[in-house]
Structure formats: C-alpha cells, structure tokens
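All remarks here apply to the structure that follows.
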C-alpha cells in the first residue's frame, strides 16, 4: 500500500471511511426497520389487533434514536466533500452535487417532517395518518439511499457525463446518470442488505424476550416476522442482487475482480478460494483451497470463461490494498452464506412451532445481530477498496481528489476529534437503546423531545 | 441563470438560518427563561420535534451548493477547515442534547444535557455569525482561488486575515444577539406561563439592543468594504431587502407592543430574511472576496457549474421545493399552538 503517514490522501480517505462507516451503522437499521413499521401498522389497521400497535410504538422509539444519530453523523459526510475532497468537488461537483442536493430536497424533507409524527404522533394523528407517516418515513429513507447509491455508482461506473470546456465533469444525460445499471443493482443489493440488518435486530430482540420469558406475544411476533424477512432478504442479497453485482465488477472492473479473488495469473476454469491468503510479494495465494471453475461460472456464466489475473495489468492500476480487499470480500460472502443457513433453519423451526422452545437456537439468534452490520461494512469496504486507485473509475485518481490546502495534521486532528466524539455517541446510543429494550414494549412512552406536550 | 441560482442558494441558506436560528436563540436563552426542570422541558418541547426538519435545510443548501457552485464549495469548505468542523461538532452536540436529554427523567442527566444544549447553541450562533462576517470581509484567496486561514492573526481586516478580527467578532456578537432575540420571540409564541413572560421580556431587550448594534455593524461594514455601498445602490434586490427589513421591523415592534405574538414572530423571521437577503444582494456577484487582491475574488460566474447543470437543476428543484412546501404546511399545522407544562410527569 503506497499510503503512509505523510500522505494526505491516506488521512482524508481514512477520515471519510471512518466517519462514513460509523454513519452507516444507523441508516442501515432505519432503512431495514422502516418497512417493519409500515407492515405492522398496516396489520394493525386491518386487524385492529393491539399487539401490532404495541410493536410499532416500541420499535418507533428505537427507530427515532437511530434516525437522530443518522442525521447528526450524516451532515459531516456532505461537508467533507468540500473540506477534505476539494479536488474531487471541483472536478465532479457538477455531477455528484445534483444527487446530493436531490437527496436533501426529496428524501430528507420527507423523513424529517414525518419522523416526529411517526414516533410521537399516534394519538394525535389517528391510525390512518399514522400509517401514512410510517410510509412517508420509509419512502424517505429508501429514496435517500437511492440518491446516495447513484452518486456512488457514478464513482464506480461513470455514465451519462460529459467533459466541460474547463475540464471538469458535467451531466450529459440525467436519465442515464440516475438509471446507471450499476446504481440499480447496487441499490437492490444494498437495500436487501439493510433489510437483513433490520430483520436480524428484530429477531434478536424477539429471541432476547423469549429467552427471558417476558413479553411473549411480542417475542413471537418479532421472531416470526424477523426470521422470515431475514431469510428472504438474505437470499435476495446473494441472488440475484449480489450475483449481478459481481458480474458488473467482472465486466467493468476486471482488475478489481482479480484482486478480490487474489488471482495473480489469468486463466479458464478459475476457482473461488474458500481458504487462502494473498501473498503480494510472492504473487500467489497462500495455502489455497478452491472450488474449481466457480469464479468463471459466477462472473461470466460458463466454466470455460477466461478470468483475468492481476499479472496482466500494470501494478499502478491494482487496488492499493489487495489483502484488505480480499478479506473483506471473502468474509462478506461467508457471513452471507451463514445468514441464509441460519435463517432457513430458524424459519423451519418457527414453521414447526418449535422456535420459542429451542433455547440454543434462540441464543444464536440473539447473538447474531452484530454480524449483518459487519457484513454490510465489509461489502462497502469491498466496493470502495476495489475502486482504488481511482476516485471515479478510470477517470479521476484518488491522489488528485483531496484538498491540497488542508494539511495532514489538520486532517488527523479532526479524525481524532471524530473518533472521540463518536465513541461517546456510541456509548450513549447503546445505553439508551439497551434501556428501551430492557423496559420492553409494554412500557408506557417515556418523555422525549417533548412532542407529547403539544395538546 | 447564474444570478437566479445565486438567489436560490442564498434563499435556502436564509431559510435555514430563519428556521434553525430560533433553535440557536432558544438554546442561548434556555437558562435565562427557564428556571425549573419543568420549564426547561417546556423550552425543549417547543423546538424538540422540529430540529431535524430545520437542520435538513442546511443539508439541502450544502448539496445544492456543490451542484451549482462546485468550485466555491471546494475553496470555501477546505479554507474554513477547522471552523467548519467546529460547526459540525456543534451541530452533533446540539442534536444529541435535544434527542437524549429527555430520555431519562433524572435531574443530573437533564442538567448535563441542558448545559450541552446551551453551550453548543452559543458556539453555533457565534460561528455562523463569524462566517457571515467572513463572507462580507473576504478571505485571503490566492491567485489559484485557494486559501487557508488561521482562527485569528492580527485582528486586522486586510491582507492575511484570520477567521476572527474586530469586524467578524462584532458581526458574530450581532448575530448572537438577533438570533437570541429571534429565539425569544419564538418561545414567547410557543409557550405560556413564566417561560412565556420571561421570553417576552428578553425578546424586547434583545431586539432593542440589536438596533444600535445594527447601526454599528453598518458603519463597520462601510469601513471594511468601502466598495460595497456604491455597488449595492444599483442592485434592486438590495432595495427590496431593505424594504423587507423596514416592513418587518414595523411588524415586529407593533407585534411586541400589542402582544400580537404571531405578528411579532412573522416580523422576526422576515427581519432575519431581509437582513441576510440585503447582505447577499450587496456582495453579488462576488461570492468569496479576496483580501489580498480583488482580482483573486471568486465571482458566481467563475465558480458556477456548466449551463447544462443549471438547466437540469431547474428541472428537479421546483419539485423539491413543492415537496418542501407541503412538508412545511404539514409541520406548521401539526405543531401549531402552545406547549403546555404537564405537572406530575
């Protein structure tokens, strides 16, 4: 890796990566949880069953905390385009700014106007409008995800742009830019992954209550809805969305695919490594155990397809951290596979009516919730490390994108500031969410934000 | 086209200041108008449900600025590096203090978050005020359109200036005073009981204090940028802005003296809008003035995106504004009326 402590691009990358990874812990849950709220609210409307309303009330509180932390950690992201990535903003601001602004105008206005109504407005709004608020928030959170993924997809696979007279990028076709095939696949893949996070969290809380033998009605509701959604979403993350994503990488970023798989030599019948560590100096995979032909088949459709090796490309277009990229990708695949198996078994047990009594399985489900967060993070690491050394693939180098006027020390200083602040925020968040969960869904609404004072 | 987008971007920032300004102001007055824990919850309740809605205007502004004036965003945000991060951290602390403060009904817990709330709002009001002063005074832009600024240098307003000098500090003080007055007017409208009475008193004092300060900063601005008044006279938007200032001042004064709270609050909002609009119109077309050499200044024309980017933005922006207006109507209807204290909770 050509990044060292004296390289300003490294520190700006580190800061953006850190603040973004941290930020994304919150939206991935809100995007996943939002549709649970919509579904339960809809069931409550249809059946009039109080347990659905209770579930909405309980999860809306957790949603509200997540949303607030998502907002406060999200605002720095937009500003870092200017503070740390001035070169990038000068070059591509005319393109990426469009979607950043649209996200603000179309998604955040919707979400922020209705979030208060969703969390606190049940009595005042009545059931129909409360359902409407849940729907508006869910739509807002997914629209926001779409615009951000369009922005990211442009960096992965730039389409619909033109080079302006001053050398910067502008949009040639808004529809080509918004409907970038990469964006559509990435959006589907990412939203399913967010749903995996949401459903694992719902399941884990259900398992927690079931193990403690409290709130049993709610526990079985969370377990039932959670495990089934988790199974469907886990399957969809892998196929077709993950599969399509890998094909896009194979077709448009072959050197990235080679690095993700640690393949130094190209060839047919390329295998997928189950075990093995890339050894860059020796240009090989150490102690590999491979499934022969699997990579050729998955990336290009036949076992005889030719998969490029890193050796076919000059080293300066290799992703600059091949080991990290390889581990991120492989661990993500492993976790994704485990999710499918675990949730298939849990759904089967639930269908048999045995889930509430399978203590060991409940323990596993309760402790499984951090892993979708890890898998989501690994997926993003794969996407962003794989894009290197480009900031916009094949158009603009990362080393040209950072702010030349910001000294290294300043970036390290603000990075450390974020680390400290975010550590405290994380503690607060866990403490408060833990408190809500231990109070449980039968607890009356506790005063917050003061919305209940409006009478 | 570029002038239109200058107006739109300024409009979004001004809306943000008018909306979030009431939170800054209420935050600064928090300890002065609310003495008991119940009264403090009342202040938080008056702004609590709405702060994310206000803050997203800043996000909307930031995104639009990147889209239509990318080179300005690049120069300004990188140049104001540390100050901008202080603002971001202040916003994080402010949001968290509002969000978690009410979660636990405990004196120490709420007392601590009240402190964070007051502190972060003060910091934000001062920093946004200083930022406005910097826009008027200019920054040490070099020939490449870059700058990097210290917090303060020799407190002078020419050459290699810092973020803070005698001029920007006085603008920051003025901003803190009028935002506090704005917040006081808002609390007067939204609360009742002792908080209402104290807020009304503070609003009157602060607005009264703002008048001489306004005269002072007007003279100062003329000293710092002698070129501006002559330039502004020819800009009809400046006259429009001044007209808004005058009308809204009359509304504010008559509202405060006749206890027409809605009228006073509308006046207060339009006064902020008028002041900022006049300022924005006065500096146009320069968006970032150079204190080193005026030919280094970045004009809206020099930092703009392509014509096509403006046209595209014209397609979706009106739809976004329509959505924002709908949300605005919903929010203002839903949160109409006063916040009451509920005893025994």
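Chains as they are written, first to last, in my numbering: chain A, 483 to 937; chain B, 16 to 360.
Don't be surprised by glycine CBs; every beta carbon is placed ideally from N, CA and C.
- Any Cβ of chain A closer than 8 Å to the Cβ of residue 253(B) would place that residue at the interface, and such an atom is absent.
- Rounded to whole angstroms, residue 322(B) and residue 315(B) show a C-alpha spacing of 13 Å.
- Closer than 8 Å to the CB of residue 572(A) there is at least one CB belonging to chain B.
- Going by C-alpha positions, residue 528(A) is about 10 Å away from residue 534(A).
- Shortest Cα-Cα distance from residue 626(A) to any of 718(A), 519(A), 510(A) and 577(A) involves 510(A).
- Listed by position along chain B, the residues whose Cβ is nearer than 9 Å to that of residue 661(A) form an empty set, because the closest Cβ is around 14 Å away.
- With a contact defined as Cβ atoms closer than 8 Å, residue 742(A) and residue 693(A) miss out at about 39 Å.
- In its chain, beyond the 5 residues on either side, 17, 83 and 84 have a beta carbon closer than 7 Å to the beta carbon of residue 319(B).
- The C-beta of residue 161(B) comes closer than 8 Å to at least one C-beta of chain A.
- In this structure, residue 144(B) and residue 190(B) form a Cβ contact; the two beta carbons are roughly 3 Å apart against a cut-off of 8 Å.
- Any Cβ of chain A closer than 8 Å to the Cβ of residue 327(B) would place that residue at the interface, and such an atom is present.
- Restricted to the region 545 to 587 of chain A, the alpha helix (DSSP H) segments that are unbroken, complete and at least 4 residues in length are 568 to 584, listed in chain order.
- Contact note: residue 348(B) does not reach chain A at a C-beta cutoff of 8 Å; the least C-beta distance is about 11 Å.
- Between the region 260 to 268 of chain B and the region 110 to 118 of chain B, the count of C-beta pairs closer than 8 Å stays below three; the two stretches do not touch.
- Taken in chain order, the whole alpha helix (DSSP H) runs of length 4 or more contained in the region 70 to 102 of chain B are 85 to 94.
- Residue contact check for residue 45(B) against chain A: no CB pair falls below 8 Å.
- Contact between the region 496 to 514 of chain A and the region 894 to 905 of chain A is present: 3 or more CB-CB pairs across the two stretches fall below 8 Å.
- The beta carbon of residue 558(A) falls within 8 Å of a beta carbon belonging to chain B, placing the residue at that interface.
- In the three-state reduction of the DSSP assignment, residue 805(A) falls in the helix class.
- At least one beta carbon of chain A lies nearer than 8 Å to the beta carbon of residue 88(B).
- Taking a contact to require three or more Cβ pairs closer than 8 Å, the region 564 to 580 of chain A and the region 869 to 887 of chain A qualify as touching.
- When DSSP states are grouped into helix, strand and coil, residue 870(A) belongs to the coil group.
- Sequence-distant partners of residue 285(B) (beyond 5 residues in either direction) whose C-beta falls short of 6 Å from its own C-beta, in its chain, are 259 and 263.
- For residue 289(B), the uninterrupted alpha helix (DSSP H) segment begins and ends at 276 to 298.
- According to the DSSP assignment, residue 640(A) belongs to no alpha helix (DSSP H), since it is labelled neither H nor E.
- The C-beta of residue 588(A) comes closer than 8 Å to at least one C-beta of chain B.
- When C-beta distances to chain A are compared with 7 Å, the residues of the region 22 to 56 of chain B below that value are 56, in chain order.
- Between residue 217(B) and residue 48(B), the beta carbon gap of about 6 Å places them in contact (Cβ cut-off 8 Å).
- Residue contact with chain B for residue 595(A): present (Cβ-Cβ distance below 8 Å to some residue of chain B).
- The beta carbons of residue 200(B) and residue 132(B) sit about 19 Å from each other, so the pair does not count as a contact at 8 Å.
- At a Cβ-Cβ threshold of 8 Å, residue 860(A) and residue 813(A) count as neighbours.
- Ranking 854(A), 731(A) and 828(A) by CA distance to the CA of residue 705(A) puts 828(A) first.
- Secondary structure of residue 626(A) (DSSP, three-state): helix.
- Counting of Cβ neighbours within 10 angstroms places residue 20(B) among the buried residues, the total reaching 16 or more.
- Pairing residue 817(A) with residue 771(A) gives a Cβ-Cβ distance that is not under 8 Å.
- Residue 55(B) is classed as buried because its beta carbon has at least 16 other beta carbons within 10 Å across all chains shown.
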